[in-house]
Amino acid sequence: MLLLRNRLLPSPSLLLLPKSTSFPLSIPTRLSHSTRRQYPTQNATSASTSKTTQTPPISDAARFVRTILFVPPGVDPDEVTDDMVLPGSNIVVGPYTGDSRIKEVEFVKSSGRAKDCPKDDRPEFAILGRSNVGKSSLINALVRKKEVALTSKKPGKTQLINHFLVNKSWYIVDLPGYGFAKAPDASRMDWSSFTKGYFLNRDTLVAVLLLIDASVPPQKIDLDCANWLGRNNIPLTFVFTKCDKMKASKGKRPDENIKLFQQLIRQNYREHPPWIMTSSVTGLGRDELLLHMSQLRNYWDQ
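Residues 1180 to 1481 (the numbering used here) make up the sequence shown, in order.
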């Protein structure tokens, strides 16, 4: 566990943001959006607990597991070992992990409004990120098919909510990117508006895969997006892209950028959200991300 702590914890010399309201972690079930099942909050105290009740001290290892690692439902934090953590991530594998293979995928529809999205009860994962972060490339890498999602050298290519049906049982949803450098302000506002409407009204949303470009330092717009999702109790997983570029010609390396991002985001989250390193070029993190998605999906489907 000590080696794992050294790998995941950022240097104490990294920049800290002022502390603010912390957000819990949650996962949707088939219940309504307002009654999402909460992940166990390890450091929360019951309202009925007496102020005089003393909590027994916990070890450094236990505190690390409960605040840094993502411990899924069905796992006792005190029984987590190094080999239960997916490589290149903080994600613990639990009993809900199932078959993660993608056997078939088909494009279903593009929607200009959240209310026009497919109306069945299949679970879905929304892929979101800054323009040019590699959303379409990640989708293509996950399904191992070229051009399943549109790729373009022009930022802001995806301007609709695109649903892809996987194995006839769950969806990958490609959402418009944010921070379009060359898009008109009016269009940028419209895209933001209907994307937020999707998040707030989509009962079948299992989690948002928030893509973060690891080849550049943490961006305020990404932190703002993560904080908005947290404030609105939207489950998310940070997916760091472009992690194959481990030798930066200038600035910090991707692993350094990732540790800095983790340090910043921890200021707003009571427990650290799940995160994973990926590369659409080398395939890094593909199988691990699909395993993570399978355990979230299987838990949602209970």
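Ideal placement from N, C-alpha and C gives every residue a C-beta, glycine not left out.
The structure displayed is predicted, hence computed values, not measured ones.
Contact between residue 1376 and residue 1293 is confirmed by a C-beta separation of about 4 Å, below the 8 Å threshold. DSSP places residue 1417 in the uninterrupted beta strand (DSSP E) bounded by 1415–1420. Your pair residue 1264 and residue 1271 checks out as a contact, with CB atoms roughly 6 Å apart and the cut at 8 Å. For residue 1408, there is no enclosing beta strand (DSSP E); the residue is part of the alpha helix (DSSP H) that begins and ends at 1399–1410.
Following the DSSP letters along the chain, one finds residue 1471 inside the alpha helix (DSSP H) bounded by residues 1465–1479. Assignment of residue 1314 by DSSP, reduced to helix, strand and coil, places it in the helix class.
Under the three-state reduction of DSSP, residue 1305 is assigned to strand. The Cβ neighbour count for residue 1433, taken over all protein chains shown within 10 Å, is at least 16; the residue is labelled buried. In the displayed model, residue 1321 falls within a helix according to three-state DSSP.
Residue 1323 sits exposed, since fewer than 16 C-beta atoms from the chains shown fall within 10 Å of its C-beta. The region 1408–1415 and the region 1296–1303 do not touch, with fewer than three beta-carbon pairs separated by less than 8 Å. Distance check between residue 1392 and each of 1379, 1458, 1355 places 1458 closest, using alpha-carbon atoms only.
The region 1343–1360 makes contact with the region 1281–1300; the number of CB pairs closer than 8 Å reaches 3 or more.
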